[in-house]
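Here the structure comes first, spelled out in structure tokens, and everything after it is commentary.
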Amino acid sequence: MEWTEQRIEMLRKLWGQGQTASQIATLLGGVTRNAVIGKAHRLGLTGRPSPIKREGTEAAAPRRKPAAQRRQQPAVAAMPAPRHVAPQASAAPAPTAQAEPRYAAPAPDRGEIRVEAQVAAPKAPSAPRVAAQAGSKSCSWPVGDPKQPGFHFCGDAAEAGRPYCAHHCGIAYHRKSEAA
DNA sequence: CCCTGATTCGC
DNA sequence: GCGAATCAGG
Numbered sequence: 033m034e035w036t037e038q039r040i041e042m043l044r045k046l047w048g049q050g051q052t053a054s055q056i057a058t059l060l061g062g063v064t065r066n067a068v069i070g071k072a073h074r075l076g077l078t079g080r081p082s083p084i085k086r087e088g089t090e091a092a093a094p095r096r097k098p099a100a101q102r103r104q105q106p107a108v109a110a111m112p113a114p115r116h117v118a119p120q121a122s123a124a125p126a127p128t129a130q131a132e133p134r135y136a137a138p139a140p141d142r143g144e145i146r147v148e149a150q151v152a153a154p155k156a157p158s159a160p161r162v163a164a165q166a167g168s169k170s171c172s173w174p175v176g177d178p179k180q181p182g183f184h185f186c187g188d189a190a191e192a193g194r195p196y197c198a199h200h201c202g203i204a205y206h207r208k209s210e211a212a
């Protein structure tokens with residue numbers, strides 16, 4: 033998958049809402065949680081409840097190459113790759129019960145950005161078509177469930193420097209001063 | 001064993 | 001830049 037502006041926006045919002053990388057990855061689809069985390073890092077939004085911390089404890093014992101010995105299994109060998117009609121279509125991934133939203137109330141803030149992040153639906157094979165491809169010029173406000181076929185972005189003319197149109201900028205950015 | 005994010009490194 | 005593998009803590 034490609035990291036479009038919309039997807040990055042999604043990542044930022046979901047991450048900001050406290051969604052876990054796995055959930056974000058599931059919502060976005062086509063990416064693993066590793067990809068999400070990696071992207072998050074590159075975006076510079078790693079600031080969140082980190083379960084662990086590698087530094088500090090030992091300054092004189094830097095095992096800086098723990099991952100060096102891996103990746104020695106190219107053995108790509110051989111996939112016959114049967115060229116029959118691709119009947120598969122996600123074949124019921126069965127998100128398991130674990131995929132259920134454990135977060136009771138992610139962002140109750142009235143004025144906060146809130147993506148309708150329903151994790152219930154299975155991964156839609158039909159990736160959310162980017163209605164507003166332009167990104168920088170069209171509103172990236174998510175309309176509907178990211179996994180629903182009908183999901184789309186606002187696509188209206190975005191404000192300068194904002195990912196959303198004026199209307200959605202108001203929804204997204206107005207602090208909890210005079211919510212709905 | 002499951003989860004989580006963090007880090008590193010090959011591509 | 002991207003993401004898998006891996007690490008490390010709960």
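Take any residue in the first sequence, note its place counting from 1, add 32, and you have its number in this note's numbering. Just so it is clear, CB atoms sit at the ideal spot from N, CA and C, and this is done for glycine as well.
Name the DSSP bridge partner or partners of A57? DSSP, once it has assigned bridges, lists no residue as partnering A57.
Would L60 pass as a contact of R80 if the rule is Cβ separation under 8 Å? no
For A192 and S54, the rounded distance between their alpha carbons: 32 Å
Span of the alpha helix (DSSP H) holding K169? K169 -> no alpha helix (DSSP H), and no H or E assigned at all.
According to DSSP, which residues form a beta bridge with A190? C197
Euclidean distance between Cα positions of H73 and Q49: 16 Å
Taking the straight line between their C-alpha atoms, what separation do you get for A198 and W47? 23 Å
Going by CA-CA distance only, name the one from A57, T52 and Q51 that's closest to E34. A57
In this structure, does DSSP put G50 in helix, strand or coil? coil
Option nearest P195 by Cα separation, candidates C171, G62 and G202: C171
N- and C-terminal bounds of the alpha helix (DSSP H) containing G70: R65 to L75
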